[in-house]
């Protein structure tokens, strides 16, 4: 007990409380750097301040706690929109939205605590502090994206979601590489501010500015030198704008189907490919030949509909439900399907359900079943699409593996859960980067928005705003003729390069210290 009281005293005496408050505030500032605000200068200043404070703390415990508070502030601000989804939760959970945001922020903040504690310990002796911090930060972000089903939301690279030239670098180094450079810049400037500046530090900071400027100018050149597009096919995206509280209403089912059919058949010429969002209509479409017949009448000859929908399998007396993408041909037959592999915890299933006291946040069906493998869907004329259901688009490694033989990404989603909050904007910003990484165009159909088509450089070809009922006919460009470096090699070379850099820089520093002056 005396040891515990001493730790509490160290963490919570007045000066430490000031540090805690500062870290929560600075973390919140960092959260303002992501969509829809995209105030990346504010975020970079916040990140630099965070590193300056960590530089001055006296123990790994206090550093870890300060990092936890930074992460808490960051996630409270950047994920506050999760509260919106509880408006549609079962009655007993509707008042717990902010409790969930608080708990989620504290839990995810533990990753920042891990980074801060390890950064204080200086695991790589002799390596420049800024390089070690950038490497650790990147490793911890990868860890957050991987463990407990993974949650790579608002990774550092997405600070640049409104700065398209910077995002072009993800075609080479991916989001972790761009995040590494961003953190390295902030950590380098933090070293300059936390110590008496030397000529060497000033030179390093100048070099860091030059690197970022080079990344930006390289992105500008890449955008300017892009070859004229060729068109793969023409697509119609239908955004019916169905509110979440109506989506599964038994009295609204036929109206919902009518809205999608109207959007599909409108205008004299209907493109050969039509895309509807995730779980677009409240029917088991593969079991409903009559409604597939209505869809077939709305499609052009040899046309195809790509739609999200629920699918059922029987196992004796039991039933399993899947969140799927179905392709329906102009004759009314289901000619392809893909079952969602990466389900949303507590939204589509309850982890360790037998032991977990927490219910699902979505009313209605039992837990969904995950698909067993990723797969492509055929859009006709030799076009293979990589289907991404909802937040499957936020996992860069999974999308890279799935899209190896695809010529277009198709992301169907239902962001109606989050109303007009920040959530849909952040989801779109993350999904768009997949197109840049892989050099493949992206078609995105969202129930209430934001829908659109993005070319292999992430440029917007068409967009339907949030909260609007509409459709868009768009020419989908071809993928880049040569696969991007990231598409070919993934993240492995980046992490190998970072590790090699740590080893080499540490060896050089130790040799300099050992040599006589």
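Residue numbers (this note's numbering): 216 to 732. Every residue, glycine too, gets a C-beta built ideally from N, C-alpha and C.
Where residue i and residue j are concerned, what is the direct C-alpha to C-alpha distance, given to the nearest angstrom?
i           : j           : result
residue 416 : residue 339 : 20 Å
residue 441 : residue 653 : 15 Å
residue 346 : residue 395 : 9 Å
residue 234 : residue 267 : 12 Å
residue 554 : residue 406 : 49 Å
residue 399 : residue 634 : 36 Å
residue 551 : residue 541 : 6 Å
residue 457 : residue 337 : 52 Å
residue 413 : residue 269 : 20 Å
residue 709 : residue 408 : 29 Å
residue 678 : residue 626 : 14 Å
residue 495 : residue 546 : 20 Å
residue 632 : residue 612 : 26 Å
residue 302 : residue 309 : 6 Å
residue 647 : residue 614 : 12 Å
residue 602 : residue 590 : 8 Å
residue 663 : residue 524 : 16 Å
residue 341 : residue 616 : 37 Å
residue 332 : residue 372 : 23 Å
residue 459 : residue 251 : 22 Å
residue 645 : residue 684 : 23 Å
residue 681 : residue 643 : 11 Å
residue 556 : residue 588 : 7 Å
Since residue i and residue j are thought to touch, with beta carbons under 8 Å apart, how far apart are those beta carbons, to the nearest angstrom?
i           : j           : result
residue 491 : residue 445 : The pair is not a contact, with the Cβ atoms about 26 Å apart (cut-off 8 Å).
residue 558 : residue 526 : With 8 Å as the limit, residue 558 and residue 526 do not qualify as a contact, their Cβ atoms being about 14 Å apart.
residue 253 : residue 376 : 6 Å
residue 474 : residue 455 : 4 Å
residue 538 : residue 502 : With a Cβ gap of about 16 Å, residue 538 and residue 502 do not count as contacting.
residue 686 : residue 484 : With 8 Å as the limit, residue 686 and residue 484 do not qualify as a contact, their Cβ atoms being about 13 Å apart.
residue 673 : residue 351 : That pair is no contact at about 29 Å.
residue 489 : residue 518 : 7 Å
residue 639 : residue 661 : 7 Å
residue 429 : residue 381 : No, residue 429 and residue 381 are not in contact; Cβ-Cβ is about 11 Å, not under 8 Å.
Using a Cβ-Cβ cut-off of 6 Å (strictly less than) and excluding sequence neighbours within five positions of residue i, which residues of its own chain qualify?
i           : result
residue 255 : 248, 374
residue 461 : 467
residue 263 : 401, 404, 405
residue 370 : 356, 390, 394
residue 289 : 242, 245, 246
residue 760 : It is not possible to answer for residue 760, since the shown part of the chain is limited to 216 through 732.
residue 335 : 275, 278
When we look at the beta-carbon of residue i and count the other beta-carbons within 10 Å, is it buried (16 or more) or exposed?
i           : result
residue 344 : buried
residue 465 : exposed
residue 596 : exposed
residue 593 : exposed
residue 497 : buried
residue 507 : buried
residue 689 : buried
residue 600 : buried
residue 703 : exposed
residue 402 : buried
residue 529 : exposed
residue 584 : buried
residue 667 : buried
residue 361 : exposed
residue 299 : buried
residue 569 : With a pLDDT of only 48 at residue 569, under 50, the local geometry of the prediction cannot be trusted, and the value read off the model is given with reservation. By the neighbour-count rule (16 or more Cβ atoms within 10 Å), residue 569 is not buried but exposed.
residue 353 : buried
residue 312 : buried
residue 711 : exposed
residue 487 : buried
residue 469 : exposed
residue 392 : buried
Quick one: does the C-beta of residue i sit closer than 7 Å to a heavy atom of the ligand HEM?
i           : result
residue 482 : Of ligands this structure carries none, so the ligand HEM is not represented either.
Could you pull out every residue in the same chain whose Cβ sits closer than 7 Å to the Cβ of residue i, ignoring the five residues on either side in sequence?
i           : result
residue 287 : 239, 242, 320, 321, 324
residue 655 : 618, 621, 622, 623, 624, 671, 694
residue 207 : Here the chain comprises residues numbered 216 to 732, so residue 207 is not present and cannot be evaluated.
residue 598 : 447, 448, 622, 623
residue 675 : 667, 669
residue 257 : 244, 247, 248
Starting from the C-beta of residue i, find all residues in its chain whose C-beta is less than 8 Å away, skip the five residues before and the five after it, and write them out in chain order.
i           : result
residue 328 : 279, 280, 282, 283, 286
residue 259 : 248, 374, 397, 400, 401
residue 548 : 507
residue 420 : 403, 404, 407
Given 8 Å, three or more beta-carbon pairs between the segment 276-296 and the segment 312-331: Contact check between the segment 276-296 and the segment 312-331: three or more CB pairs, one atom from each, fall below 8 Å, which counts as touching.
Given 8 Å, three or more beta-carbon pairs between the segment 464-478 and the segment 709-721: no
Stretch-stretch touch, CB-based, cutoff 8 Å, three pairs: the segment 361-372 with the segment 422-435: no
Segment contact, 8 Å Cβ cut-off, at least three pairs: the segment 606-626 with the segment 272-285: Segments in contact, no.
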